[in-house]
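Encoded as structure tokens, the structure appears first; notes follow it.
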Amino acid sequence: MNHSSLYLYRTFARFMPRLKIPRKVNNPPKVKGFKPYGVISEGEKLDPVILNYEEYEALKMCDYDMYNHHQASIMMNVSRPTYTRIYASARMKIAKAFVEGRKIEIEGGKVYFDSNWFYCKSCGCHFNNPEINTSVSACPLCGSSEIEQHFEDTTTSQENINDDMCVCPKCGYTKKHMRGVPCRNERCPSCNTPLVRQNP
Amino acid sequence: MKIAITSQGNSLESKLDQRFGHCQFFVTYDSDNGTIEIIPNPYHNVEEQAGALAVKLLSSKNVAKIISGEFGLKVKPMLDSLKIQMIILKDDSKTVQTIIEMLNKTYSKEE
Ligand SMILES: [Zn+2]
Ligand SMILES: [Zn+2]
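Protein sequences appear in the order of chains F and V.
So that you can map any letter, position 15 of the first sequence is 15 in the numbering used here, and since no number is skipped, the others follow by simple counting.
So that you can map any letter, position 28 of the second sequence is 1028 in the numbering used here, and since no number is skipped, the others follow by simple counting.
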């Protein structure tokens, strides 16, 4: 793909709202939700508050990982106002659950997890594990257990890899992602912060 | 469980098509009852979004796994969120028949 077609492709993608690319979540939550205890009588069952993954992630970024809104929005690959909206919604939902004694359920939303990729030494295929909670023991094609996990995504073609950018979460400095080099191993030349991956 | 294979032609003797969205045919194999269905890919000549449209088509057929030569950057997250497994085989010498035989062996010994 040459530069002009790449540009067109991006322009096209930007004006195609039908084709929604799910957002990324870096670390899926450890639990499916939370239950209040103590005071709620069994008869009085309130609807749970549904916290989607984006809201979970937004809250975690700011109040647990201690990034500021600017950094968090870059890492979540959303605009700053979008981040602020998601974050505010997360806090309102959690406050509602706390005050009214409702359950919190953490739900999917429009996100996907980077699934783990494996290579089968027996038949030579590459495959992912779409079930994040279950482990993989055999090749889904030939059934061999001679499989090993990839730590970098080598299955996406080269031109796609080159579209990825490393971003400084502090000052916004960006550079092209180098294949095979984890972004966090690289540092921002102006403020020495470890870089993070941002997809186009 | 239904498994889709991208195929260069409409017979089981056809080779695996290395393209996903722009492949010629999809062959689905149901490992529970051995049913095989050959579906011409309606998006074979579609320039944009062929991958996304093919994902929709296959997910409407309740496919759990897809075997192809590659999946694009836009297709991967879609399949990930639909929990459809991607199996990439960079070997276009294998026929659909050979692949189905491999699957048949793998999924019959599981029972
Ligand atoms: Zn294998
Ligand atoms: Zn910086």
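Built from N, CA and C at the ideal position, the CB exists for glycine as well.
Report task. Can you give me the start and stop residues for the alpha helix (DSSP H) that Y1029(V) sits inside? Result -> In the second sequence, counting from the first residue as 1, residue 1029(V) sits at position 29. Note, Y1029(V): premise wrong, no alpha helix (DSSP H); beta strand (DSSP E) at 1025-1030.
Report task. Just the chain V side, please: which residues come within less than 8 angstroms of P140(F) by C-beta, in chain order? Result -> Counted from its first residue, the first sequence places residue 140(F) at position 140. Ordered by position in chain V, the residues that pass the 8 angstroms Cβ test against P140(F) are K1065, Q1085, I1087, T1106.
Query raised in the report: Cβ of N162(F) less than 8 angstroms from any chain V Cβ?
Result: Along the first sequence, read from residue 1 onward, the residue named residue 162(F) stands at position 162. With a pLDDT of only 46 at N162(F), under the threshold of 50, the placement of this residue in the model should not be trusted; the figure read from the coordinates follows. It does not; no Cβ of chain V falls within 8 angstroms.
Query raised in the report: Hey, out of L46(F), T193(F), M66(F), Y64(F), whose CA is closest to K96(F)'s CA?
Result: Counted from its first residue, the first sequence places residue 96(F) at position 96. Comparing Cα-Cα distances from K96(F) to each of L46(F), T193(F), M66(F), Y64(F), the minimum goes to L46(F).
Requested in this report: Note down, one range per segment and in chain order, each alpha helix (DSSP H) of at least 4 residues found wholly within the stretch 1069-1102 of chain V.
Outcome: 1075-1082
Report task. Please list, following the chain, all residues that have a C-beta closer than 6 angstroms to any non-hydrogen atom of ligand 1. Result -> C120(F), S122(F), C123(F), C125(F), C139(F), L141(F), C142(F), S144(F)
Report task. Kindly identify the DSSP beta-bridge partner or partners of Q1008(V). Result -> The residue given as residue 1008(V) occupies position 8 in the second sequence. Answer is none; Q1008(V) lacks a bridge partner.
Report task. Please list the residues of the stretch 119-137 of chain F that have a C-beta atom closer than 8 angstroms to any C-beta atom in chain V, keeping them in chain order. Result -> C123, G124, C125, H126, F127, N128, N129, P130, E131
Query raised in the report: Where does the unbroken beta strand (DSSP E) through V99(F) begin, and where does it stop?
Result: Along the first sequence, read from residue 1 onward, the residue named residue 99(F) stands at position 99. Not the beta strand (DSSP E): V99(F) falls in the alpha helix (DSSP H), residues 80-100.
Query raised in the report: If you pair each beta-carbon of the stretch 79-86 of chain F with each one of the stretch 181-193 of chain F, do three or more pairs fall below 8 angstroms?
Result: no
Query raised in the report: Apart from the five residues just before and just after K60(F), which ones in its own chain have a Cβ nearer than 7 angstroms to its Cβ?
Result: Here residue 60(F) refers to the residue found at position 60 when the first sequence is read from its first residue. Taken in chain order, the list of residues that qualify is empty.
Query raised in the report: What is the residue span of the alpha helix (DSSP H) that K32(F) lies within?
Result: In the first sequence, the residue the question calls residue 32(F) occupies position 32. No alpha helix (DSSP H) contains K32(F), which DSSP labels as neither H nor E.
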